[in-house]
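S.K.: First the structure, then my questions, so here it is.
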Amino acid sequence: MTTGTSSAGSPAAKTAPTGPAGGAASPGLSPAGLVVILAGFSLSIADIFIVNVALTSIGHDLRASESGLELVVSGYGITYALGLVMGGRLGDALGRRHLFTHGLIAFTLTSALCGFAPGITFLIIARLLQGAAAAMMVPQVLSTIQAATDGEARARAISLYGATAGLAAVAGQIIGGLLLALDFGDFGWRIVFMINVPIGLITLLFVRRIPDTKAQRKPDLDYLGTALFGVAMVCVLVVVVEGRALGWPIWLWGLLAVAGV
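Under UniProt numbering, the residue at position 195 of the sequence shown is numbered 195, and the numbers go up by one with no gaps.
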């Protein structure tokens with residue numbers, strides 16, 4: 001008589017481990033991988049603040065108006081905020097390491113464009129593109145941490161994520177002021193953007209350390225909603241930045257009404 005064997009006890013029948021989203025287990029996020037994604041994240045945060053210390057020099061060198069300088073600062077923030085949701089959805093659909101890598105490449109290139117800007121209009125456009133590049137990169141950081149860690153490792157990674165945001169905000173202004181004071185290579189204000197290029201290139205060398213994760217289900221991409229939100233934010237930005245300089249004409253208030261709708 002043959003002895004029956006329980007299929008539950010067979011190694012082949014054991015349930016495969018599952019990841020945080022309930023799918024196949026994600027490769028773990030190593031300390032090196034965490035350093036890489038936090039390095040990219042810190043660049044995006046520092047660039048919100050580092051430009052503030054260079055505004056006087058930018059205005060003098062490019063003969064920029066006050067409203068133009070305001071757009072250099074706020075333009076980055078508006079495209080950054082506008083693209084975060086779409087960047088997160090694209091990372092879920094196409095792969096978070098893929099989006100992080102391409103976002104970092106775009107951020108490095110647009111930083112170089114900012115550094116070589118021949119005029120204020122060029123610089124504003126480059127800053128808008130730089131913010132959009134950051135929006136591709138940043139959502140992948142926390143999503144990767146959530147997908148590729150658990151337990152104490154996740155708590156530690158999230159703590160480092162929060163600490164990095166705070167330190168980058170402070171360090172951006174300090175480092176920006178130091179770079180302007182030292183004036184490496186007579187770059188002047190351009191150095192606050194060009195410093196991102198070597199850091200970005202070095203970080204790109206190690207992106208393979210980041211585990212490649214994506215959502216188990218392909219998310220819906222709301223292109224129309226994102227476009228409408230973008231139009232609303234641009235309307236608000238024009239009112240805030242140009243209102244006083246233009247004397248608050250009636251059509252400007254119309255833009256505000258459009259944003260509200």
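We put the CB at the ideal spot given by N, CA and C, even for glycine.
Quick one: which unbroken alpha helix (DSSP H) runs of 4-plus residues sit fully inside the stretch 84–141? Chain order, please.
M.R.: Within the stretch 84–141, the complete alpha helix (DSSP H) runs of at least 4 residues are 96–115 and 120–137.
S.K.: Mind reading off the beta-carbon distance from LEU71 to ILE124? Whole number of angstroms is fine, and I expect it under 8 Å.
M.R.: Their Cβ separation, rounded to whole angstroms, is 5 Å, which keeps LEU71 and ILE124 in contact under 8 Å.
S.K.: Kindly indicate the opening and closing residues of the alpha helix (DSSP H) around GLY151.
M.R.: Looking at the DSSP string, the run of the alpha helix (DSSP H) that includes GLY151 is 151–182.
S.K.: Would you mind giving the Cβ-Cβ distance between ILE78 and GLY131, rounded to the nearest angstrom? I have them listed as a contact below 8 Å.
M.R.: With a Cβ gap of about 7 Å, ILE78 and GLY131 count as contacting.
S.K.: Quick one: Cα of THR110 to Cα of LEU129, how far?
M.R.: For THR110 and LEU129, the distance between alpha carbons rounds to 6 Å.
S.K.: Which value, in whole angstroms, describes the spacing of the CA atoms of PHE229 and TRP253?
M.R.: Their Cα atoms are separated by approximately 18 Å.
S.K.: Does the stretch 144–152 touch the stretch 54–70, meaning 3 or more C-beta pairs lie closer than 8 Å?
M.R.: Not touching, per the Cβ criterion.
S.K.: Please confirm whether LEU82 and ALA135 have their CB atoms less than 8 Å apart.
M.R.: Taking 8 Å as the Cβ cut-off, LEU82 and ALA135 qualify as a contacting pair.
S.K.: Measure the C-alpha to C-alpha separation of PRO17 and ARG190 and round it to an integer number of angstroms.
M.R.: Unreliable placement is indicated for PRO17, whose pLDDT of 38 sits below 50; the coordinate value is still reported in the next sentence. So the alpha carbons of these two residues sit roughly 50 Å apart.
S.K.: Using 10 angstroms around the beta-carbon of LEU104, count the other beta-carbons present and answer buried if the total reaches 16, otherwise exposed.
M.R.: With 16 or more other Cβ atoms within 10 Å, it is buried.
S.K.: Out of curiosity, what's the CA-to-CA distance linking ALA25 and ALA157?
M.R.: With a pLDDT of 46 at ALA25, under the threshold of 50, the modelled position of this residue cannot be trusted; read the value that follows with caution. Looking at the two C-alpha atoms, the distance is approximately 18 Å.
S.K.: Within a Cβ cutoff of 8 Å, which residues of the same chain sit near VAL53, ignoring the five residues on either side of it in sequence?
M.R.: These residues qualify, in order along the chain: GLN173, GLY176, GLY177, LEU180 and VAL192.
S.K.: Can you name, in chain order, every residue of its own chain whose Cβ lies under 8 Å from the Cβ of THR108, other than the five neighbours on each side?
M.R.: If we look at THR108 and ignore the five residues flanking it on each side, its Cβ neighbours are ASN196, VAL197, GLY200, LEU201 and LEU204.
S.K.: What first and last residue would you give for the alpha helix (DSSP H) that runs through THR213?
M.R.: Careful: THR213 lies outside any alpha helix (DSSP H) and carries neither H nor E.
S.K.: Can you look up PRO31 in the DSSP assignment and give me helix, strand or coil?
M.R.: Of the three classes helix, strand and coil, the one that applies to PRO31 here is helix, per DSSP.
S.K.: Locate the alpha helix (DSSP H) running through ILE50, then write down its first and last residues.
M.R.: Here ILE50 belongs to no alpha helix (DSSP H), and DSSP marks it neither H nor E.
S.K.: Excluding sequence positions up to five away, which residues of its chain have a Cβ less than 8 Å from the Cβ of ASP212?
M.R.: If we look at ASP212 and ignore the five residues flanking it on each side, its Cβ neighbours are PRO27, GLY95, ARG96, ARG97 and HIS98.
S.K.: Under a three-way DSSP split, which group does SER65 fall into?
M.R.: Residue state, collapsed to three classes: coil.
S.K.: Quick check: the Cα distance between ALA64 and PHE122, rounded to an integer number of angstroms?
M.R.: Approximately 11 Å, taken between the alpha carbons.
S.K.: Which of the three DSSP states is assigned to GLY23 in this structure?
M.R.: Unreliable placement is indicated for GLY23, whose pLDDT of 38 sits below 50; the coordinate value is still reported in the next sentence. Of the three classes helix, strand and coil, the one that applies to GLY23 here is coil, per DSSP.
S.K.: Can you name, in chain order, every residue of its own chain whose Cβ lies under 7 Å from the Cβ of VAL36, other than the five neighbours on each side?
M.R.: The residues are THR203, PHE206, VAL207, ARG209 and ILE210.
S.K.: Could you spell out where the alpha helix (DSSP H) holding PHE193 opens and where it closes?
M.R.: That run of the alpha helix (DSSP H) goes 191–194.
S.K.: Take GLY88 and list the residues in its own chain whose beta-carbon comes closer than 6 Å to its own, dropping the five residues that flank it on each side.
M.R.: Same-chain partners within the cutoff: PRO139.
S.K.: Can you give me the C-alpha to C-alpha distance between VAL239 and ALA117, rounded to a whole angstrom?
M.R.: When rounded, the distance between both Cα atoms is 25 Å.
S.K.: Ordered along the chain, which non-local residues of its own chain (more than five positions away) have a Cβ less than 8 Å from that of LEU142?
M.R.: Cβ within range, chain order: ILE158 and TYR161.
S.K.: Exposed or buried, which one is ARG217 when buried takes at least 16 other CB atoms within 10 Å?
M.R.: ARG217 should be labelled exposed.
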